[in-house]
Amino acid sequence: MATVEVEGPDSGWVATLGYDEMGALTVLEVRDGWEYEARDLLARLILEPAPSGRIPGAHIRPNAEEPLYDLAESLARRKPEVRGQRLTGHVEGGSRAVESGDD
Numbered sequence: 003m004a005t006v007e008v009e010g011p012d013s014g015w016v017a018t019l020g021y022d023e024m025g026a027l028t029v030l031e032v033r034d035g036w037e038y039e040a041r042d043l044l045a046r047l048i049l050e051p052a053p054s055g056r057i058p059g060a061h062i063r064p065n066a067e068e069p070l071y072d073l074a075e076s077l078a079r080r081k082p083e084v085r086g087q088r089l090t091g092h093v094e095g096g097s098r099a100v101e102s103g104d105d
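Counting from 3, one number per residue, gives the positions in the sequence shown under my numbering.
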């Protein structure tokens, strides 16, 4: 099953985003103390257009990989600031690679 791994430059791994057993896109695992920020980040990312132009929340289907890749691409390119850190993300266990947003 594909997931999005969210990481920060100082904190390392922050959260894992993916589908729960009911097929809902959610925060599957989160670093202690980051629960609110991880949920808030997911809520923002599913509503904002991804670099592909798609809105991830508009095409969520149980276990669909495209919304996960859209979330990872948004994280990699935009690097949203949370707790003073620029977070990034990548898909683990998916069927294709996403280029890192590093220059």
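Beta carbons are placed, not taken as given, at the ideal position from N, Cα and C, and that holds for glycine. These figures come from a predicted structure and were not determined experimentally.
CB-CB length for residue i against residue j, believed under 8 angstroms
i, j, result
"H92", "E23", "Not a contact, Cβ separation roughly 23 angstroms."
"P82", "L44", "So it is not a contact: roughly 11 angstroms between Cβ atoms."
"I57", "L49", "7 angstroms"
DSSP state of residue i mapped onto helix, strand, coil
i, result
"G91", "strand"
"E67", "coil"
"D105", "Low local confidence applies: a pLDDT of 47 at D105 is under 50, so the model's placement there is unreliable, and no value is given."
Buried versus exposed, by CB contacts within 10 Å (16 or more), residue i
i, result
"S76", "buried"
"R98", "exposed"
"D105", "With a pLDDT of only 47 at D105, under 50, the local geometry of the prediction cannot be trusted, and no value is derived from it."
"P51", "exposed"
"E31", "exposed"
"Y38", "exposed"
Span separating the alpha-carbon of residue i from that of residue j
i, j, result
"E94", "M3", "8 angstroms"
"P53", "R33", "27 angstroms"
"T90", "G59", "19 angstroms"
"I66", "D12", "According to the sequence provided, residue 66 is Ala. The question's Ile does not apply to it. The alpha-carbon atoms of A66 and D12 are separated by roughly 31 angstroms."
"G35", "R41", "12 angstroms"
"E5", "A26", "Note that residue 5 corresponds to Thr in the displayed sequence, not to Glu. The straight-line gap from Cα to Cα measures roughly 12 angstroms."
"R85", "P64", "31 angstroms"
"G20", "G10", "18 angstroms"
Original post:
What are the uninterrupted segments assigned as beta strand (DSSP E) that are 3 or more residues long and contained completely in the region 6-50, given in chain order?
Top reply: Taken in chain order, the whole beta strand (DSSP E) runs of length 3 or more contained in the region 6-50 are 14-21, 27-32.
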